[in-house]
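*Asks:* Got a structure here, written out as structure tokens. Questions coming.
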Ligand SMILES: Nc1ncnc2c1ncn2[C@@H]1O[C@H](COP(=O)(O)OP(=O)(O)OP(=O)(O)O)[C@@H](O)[C@H]1O
Ligand SMILES: Nc1ncnc2c1ncn2[C@@H]1O[C@H](COP(=O)(O)OP(=O)(O)OP(=O)(O)O)[C@@H](O)[C@H]1O
Ligand SMILES: [Mg+2]
Ligand SMILES: [Mg+2]
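Residue numbers (our numbering), protein chains in the order written: chain A, 1421 to 1923; chain B, 1132 to 1444; chain C, 24 to 354; chain D, 6 to 295.
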């Protein structure tokens, strides 16, 4: 209890923000003490990232004030006051090197003569502290998204003297790296850094945080010590209603094969053979850079690969995206902003993009989009996508809602084989529950499902079978009765883990 | 009523600017709304309008077609030569469209299929088209255009020249194709995010090919229209048009980054630019001061337009 | 060999360099005088104006912008210089006015882009028209001769090296230093990568953008004086249209049109490449009518070479990676 | 109504004369500039017609593509005078006043042919060609070549310039790389002469008239550039156009036509050839002279 007697390092008073007249954050008030980790939780679109943006002085609040160490936070001076943040959408510069990225806002040496050797040393030291092997010389675009996230965290840590804000920092990390990060947070806490931690993973929150602030539709609906609230209570505060135990019933897979690949091979994976039955959900686990995404993309025909592939027992010669789509195979990509969404197009068009021909009624084939709006609205409702209007650009949505748009797009195509890559990345518990339910329902209806996920509990929850990949090869397979988190992780991580970077 | 007016102004931010220009020019100069002046303005801008529709398609996918200006010249010259030799107008139209389509297809294959950068590639084809126009014509106008073609340039229906009707037709087809067909939708999606388009199973090379192809085709048509307008085909006819075409498209509100814009906006952009230039001429300020005013108005117009459309979202 | 390919994928300007060497080799076979020292020097002198401007344009494009008005700035600067020389005959005044005016006009482009959050293309299209109008307004479309001794900038020699080449070298060295060793240089490259990230990282976006455009203006001012000195006097419309050649040089040199990655070396090589085409045509006494066709053809060949080399490099990276994968699989 | 193709020095010279003459006679001039765009010029002429001007003076962007607009002028009963650039095919233009470019070219050519007639062996000449689509430029070159043909063993290096001095510059530079012993340079416009001087200076071959190794340089126009170079003796001679007379005649013709009088169709104002020896005493006759 010594914390609350200390002077708070960050005071947030009546913070509000409105975009074009619509209030998205309203009257948020809390204190943060040195050495305290506070969880900022809420559903998708609750206003967490907006709050973060105000706290690191990227956005000016409409009302209220923020005091850092007693000093008022003015726009743009966050870093000078020792506040820094890891943003939900990475803010790295792809063609700059790791060292350049990490040191960019405080380059060593003079403005007219930057000391690059020093910058590289600082970066290397920081990466070392984070316990990950990344060459500070390589450009960021050569790193996988997991490593990029680590770089981003390292960058923020370099400048966080008083307050560090982490907005969903673990979405691209696997269990091993997450644990590393949490240990680091513990260390930082001991050093007296104050941390705001935004996450949709309840286990993580209970693992690292001391207290919590709950936002619902922009309102602060709860604030206190974590030790005082049980998890289900916290969840209820976020959602505003009681939620049931999220354990979907799995159906029995049939004997028919939905998809089969044999001897798949390219520069990212080696000798892969696997099959999914109709009605079966196959999980693929592995560390970052294990080659799961590449495999999934290759199966869908987005990357060249040697090997054979069967859909519904029929071989697909010279397979490519069009052929796979024609056979009702779909792929929901991992990175929604880069490979998934059309950010400056309306939600409606994003939902219909994969199935324009079947999405709407047409009198003449290929002409007119009658009924598109209605169907898009229905789908948005079905997926529980929160948007003011179906014509809003996708970029206006919160992260979780964007993810739902992406999944919704593919679900309307009535897929028979569906490959999902990190399907619940950045999605709140309610939405995650919805998405899992949808996946299970698809399996019930006879689709073959492959889920690639770094969120092990998710796989344990939904999969019939888990295949573990390591360095581009299949390193193990577990059926439901053999599920054991510790063993799965050890199979994924043995021999030291991830691939080297710097190809 | 008022609401729908303001919302139209937000969607098509060029409209209020056009209205202001129209009102002020017609007050200052009694000749501005004179039928002859309006006809001349419409006819002269039909070439730019047709080409700008092509450029809009390319812009929507995030590309650029620098060759469209000299494709106009090349197709005009070749079509002029064919007509001079055969006295056959249909053959002339076919040649113009064929030459345009040829260049369009070349750009389409190089950029869409082989993935070359649009800027340099179309700059190269721009030079080649210009060279062909000059080689074939030996630098001078191709004479011997059938009388019918020139006469066609004079036709006026409902106060609007025939060539302008053709341009309007192109605009209408462009609007329909972009808003009503799957192809149009895919053009927007490719421009919005190529990766996502590929991951969604859209045939990106095909879409890119198609926009450059159509841009070339429209360049060809514009080349033929230039013959009708001018009476003869000249090898330098398109040279000066490139910046005007790009200016009109961007002024209308179609972004070069892709995924945003429309043919209707381009129509308004062309209208705005041509009203501006014509009006400034009538007011009688010297040429070089017109350039300055034009520049300022292009800037202010686009800025206002952006302000208005920002407020919408 | 594989190393070369890897290098190719990293250093994008190498492709342009190779294309230039191939073109030079071709020309030396076709024309005996091509490989003379004096022709080499003459090519460099001819490329100097474009190359100097391309260095500035590289900053602008790297930062995610573009400047269509560069040619008009060149025109206006030349006009201002010539007019001032005519009126006052004062070199210091004319030089200072021309260079600072060019820098200012460049900076104004940047400022408009930043203050009004406008697309660089439309902004500089507008200023292109404005600057050009200002230039004609200033001189009334008259030609104005410049004093003979001005010629020193155009064809004087220091240590037997032509002055334009010296100027190019100086700007080249400063350009490289600025881009690679200073804070500003990193910021420029960062800005072109992602505007959003730059905002979130709290970079001084306004200052960096304005400076990049100002540099473009500054070097255009220098290029204007060199060109003026070489051409011998102001001509109405001088420099109009040169921006496309400059942009082409930059893009040929491997800089991405959308910003973020590119090099100064590449841009200079690109400028030399473009001059070589004309040099070759002149040397071979080609018919004036086919100039554009050959230019277009060679330009096309250059992009194809660039694309092919990138493709080959990618392929070799792939095969290296799969070989490594197979090794670990066997281990 | 004054419809101009493009603004540059010599055109402005004629335009000024037109403005002056028209003012003397009490007319108002509406000037429009097409900036090299044939379509724009058509539209501009039609808006001049719409403004009910009394007469149209036109310098066409392209001689063959302006007929459409001119026919409209004819229908509206507005007389049309072409200046500087003839419209030989036009059925509308009632009078033309301007240079005789073939004649001017011949003048420059004759001088060069004579000056080089004593050269033994091959004579190498550089020809700086104007814009490929400008009849005046084409005619100047054609006239020059007619006279050059008098030389027996001659080789001509063509350099296209598009009237652009920087292209003239690099073209000349490359031409001199290609051939060591160039004897003469012909510039379709004498504004390119300073660029030629730059190249000659580069090569250390800028030798005044009469001295060993002098390169014969002639041009057409009458600009300050040409005047200065000729007076200094680095250029041999230039053909000077009479801009003032051209402009004033154009207005005079238009006034006659407005009054319903007959005028001669073609009124050429041939240029005068001045050499190093006589240029300074005739400075008053040269529009570009200071
Ligand atoms: N620039 C903006 N303009 C308009 N509305 C916005 C803007 N940025 C965010 N919003 C809206 O504000 C609300 C809060 O968004 P925010 O990103 O803060 O949510 P979040 O809690 O971070 O959600 P998630 O967990 O999905 O990341 C959302 O409804 C979003 O649509
Ligand atoms: N060592 C590497 N060399 C080159 N590229 C890599 C390397 N590791 C990852 N990548 C690239 O980074 C992208 C995503 O990698 P990331 O590390 O996020 O993989 P992941 O999704 O976490 O794991 P997996 O690859 O198993 O799906 C892929 O496109 C991949 O090609
Ligand atoms: Mg968020
Ligand atoms: Mg992955």
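Even glycine gets a Cβ: it sits at the ideal position worked out from N, Cα and C.
Restricting to runs no shorter than 4 residues, where is the alpha helix (DSSP H) found entirely within the stretch 1871–1898 of chain A?
*Replies:* Correct list: 1876–1882.
*Asks:* Can you pull every residue whose C-beta falls closer than 5 Å to some heavy atom of ligand 1, listed in chain order?
*Replies:* Going by the Cβ distance cut-off, the answer is A:1439, A:1444, A:1464, A:1465, A:1466, A:1467, A:1468, A:1469, A:1470, A:1818, A:1819, A:1820.
*Asks:* Less than 8 Å separating the beta-carbons of residue 1882 (chain A) and residue 1701 (chain A)?
*Replies:* Yes, the Cβ-Cβ distance between residue 1882 (chain A) and residue 1701 (chain A) is below 8 Å.
*Asks:* Going by C-alpha distance, which of C:176, C:340, C:155 is nearest residue 256 (chain C)?
*Replies:* The candidate whose alpha carbon is nearest that of residue 256 (chain C) is C:176.
*Asks:* Note down, in chain order, all residues in the stretch 281–304 of chain C with a beta-carbon under 9 Å from any beta-carbon belonging to chain D.
*Replies:* Cβ contacts with chain D: 298, 301, 302, 303, 304.
*Asks:* With distances taken from CA atoms, which of D:115, D:35, D:179 is nearest residue 224 (chain D)?
*Replies:* Among D:115, D:35, D:179, the Cα nearest to that of residue 224 (chain D) is on D:115.
*Asks:* By Cβ distance below 7 Å, which residues in the same chain neighbour residue 1879 (chain A) in space, the five residues on each side in sequence not counted?
*Replies:* Contacts found: 1703, 1705, 1871, 1873, 1886.
*Asks:* Are any of the Cβ atoms in chain A nearer than 8 Å to that of residue 1143 (chain B)?
*Replies:* False, the Cβ-Cβ gap to chain A never drops below 8 Å.
*Asks:* Would you mind stating whether residue 1453 (chain A) and residue 1431 (chain A) have Cβ atoms separated by less than 8 Å?
*Replies:* No, the pair does not count as a contact, with Cβ atoms beyond the cut-off.
*Asks:* Does the CB of residue 1389 (chain B) have a neighbour CB from chain C at under 8 Å?
*Replies:* Answer no: the Cβ-Cβ gap between residue 1389 (chain B) and chain C never drops below 8 Å.
*Asks:* Quick one: residues in its chain with C-beta nearer than 7 Å to the C-beta of residue 77 (chain C), no 5 flanking neighbours on either side, listed in chain order?
*Replies:* Contacts found: 269, 272, 273, 290, 291, 293, 294.
*Asks:* Give the DSSP bridge partners of residue 1459 (chain A), in chain order.
*Replies:* Per DSSP, A:1617, A:1632.
*Asks:* In whole angstroms, what separates the C-alpha of residue 75 (chain D) from that of residue 98 (chain D)?
*Replies:* Roughly 8 Å separates the two Cα atoms.
*Asks:* Interface residues of chain C around residue 1651 (chain A) at Cβ under 9 Å?
*Replies:* Going along chain C, no residue has its Cβ under 9 Å from residue 1651 (chain A), so there is no contact; the nearest lies around 32 Å.
*Asks:* Check each candidate in A:1735, A:1770, A:1805, A:1561 and name the one with the smallest Cα separation from residue 1792 (chain A).
*Replies:* When each option's Cα is compared against that of residue 1792 (chain A), the closest is A:1770.
*Asks:* Listing by chain order, which chain B residues have their CB less than 7 Å from the CB of residue 1773 (chain A)?
*Replies:* Under the 7 Å cutoff, chain B gives 1320, 1331.
*Asks:* In its own chain, which residues sit with a C-beta less than 8 Å from the C-beta of residue 1923 (chain A), not counting the 5 before and 5 after it?
*Replies:* The pLDDT assigned to residue 1923 (chain A) is 32, lower than 50, so where the model puts this residue is not dependable; a value taken from the coordinates is nonetheless given after this. Cβ neighbours of residue 1923 (chain A) beyond the five flanking positions: 1562.
*Asks:* Just to confirm my understanding: we take residue 298 (chain C), look at its own chain, exclude 5 residues before and 5 after, and list those with CB closer than 6 Å. What are they?
*Replies:* If we look at residue 298 (chain C) and ignore the five residues flanking it on each side, its Cβ neighbours are 66, 69, 70.
*Asks:* Taking beta-carbon pairs under 9 Å, can you tell me which members of the stretch 65–89 of chain D lie near chain B?
*Replies:* Against chain B - using a Cβ distance shorter than 9 Å - the residues of the stretch 65–89 of chain D are 66, 67, 68, 69, 70, 71, 72, 73, 74, 76, 77, 81.
*Asks:* Below 8 Å on the Cβ atoms is my guess for residue 1248 (chain B) versus residue 1198 (chain B); work out the distance and round it to an integer in Å.
*Replies:* Incorrect: roughly 13 Å between the Cβ atoms, too far for contact.
*Asks:* Whose C-beta lies closer than 8 Å to the C-beta of residue 218 (chain D) among residues of the same chain, with five residues either side of it excluded?
*Replies:* Only 210, 212 meet the Cβ criterion.
*Asks:* What span of residues does the alpha helix (DSSP H) with residue 1082 (chain B) cover, start to end?
*Replies:* Absent from the structure is residue 1082 (chain B), since the part of chain B shown begins at 1132 and ends at 1444.
*Asks:* In the stretch 177–241 of chain D, which residue ranges form an unbroken beta strand (DSSP E) of at least 3 residues, counting only runs that do not cross its ends?
*Replies:* Whole beta strand (DSSP E) segments, 3+ residues: 187–192, 221–226.
*Asks:* Taking the beta carbon of residue 1289 (chain B) as the centre, do at least 16 other beta carbons fall within 10 Å, making it buried, or is it exposed?
*Replies:* By the neighbour-count rule (16 or more Cβ atoms within 10 Å), residue 1289 (chain B) is not buried but exposed.
*Asks:* Can you list the residues of chain D that residue 56 (chain C) reaches, using a CB-CB cut of under 7 Å?
*Replies:* Result: 182, 183.
*Asks:* Is the stretch 1161–1173 of chain B in contact with the stretch 1210–1223 of chain B, if contact means three or more CB pairs nearer than 8 Å?
*Replies:* At 8 Å Cβ cutoff, the stretches do not touch.
*Asks:* If you draw a straight line from the C-alpha of residue 1956 (chain A) to the C-alpha of residue 1900 (chain A), how long is it?
*Replies:* Absent from the structure is residue 1956 (chain A), since the part of chain A shown begins at 1421 and ends at 1923.
*Asks:* According to DSSP, simplified to helix, strand and coil, what is residue 1162 (chain B)?
*Replies:* Looking at residue 1162 (chain B) - three-state DSSP - the assignment turns out to be coil, as it is neither helix nor strand.
*Asks:* Three or more C-beta pairs closer than 8 Å, one from the stretch 1183–1198 of chain B and one from the stretch 1297–1309 of chain B: is that the case here?
*Replies:* At 8 Å Cβ cutoff, the stretches touch.
*Asks:* Out of A:1713, A:1862, A:1735, A:1845, which has the shortest C-alpha to C-alpha gap to residue 1330 (chain B)?
*Replies:* The shortest C-alpha separation from residue 1330 (chain B) is found at A:1713.
*Asks:* Taking all protein chains shown into account, do 16 or more other C-beta atoms lie within 10 angstroms of the C-beta of residue 1300 (chain B), making it buried, or fewer, making it exposed?
*Replies:* It is exposed - the Cβ of residue 1300 (chain B) has fewer than 16 other Cβ atoms within 10 Å.
*Asks:* Measuring straight from C-alpha to C-alpha, what distance separates residue 275 (chain D) and residue 112 (chain D)?
*Replies:* Looking at the two C-alpha atoms, the distance is approximately 10 Å.
*Asks:* Check the Cβ of residue 318 (chain C) against every Cβ in chain B and list those closer than 7 Å, keeping chain order.
*Replies:* 1258, listed in chain order.
*Asks:* What does residue 17 (chain D) reach in chain C if we use C-beta pairs closer than 7 Å?
*Replies:* By Cβ distance, chain C contributes 163, 164, 165.
*Asks:* Taking only beta-carbon positions, decide if residue 213 (chain C) is within less than 8 Å of chain A.
*Replies:* Cβ-Cβ to chain A under 8 Å: yes for residue 213 (chain C).
*Asks:* With respect to the alpha helix (DSSP H) encompassing residue 1686 (chain A), which residues constitute its N-terminal and C-terminal limits?
*Replies:* Per DSSP, residue 1686 (chain A) belongs to no alpha helix (DSSP H) and is neither H nor E.
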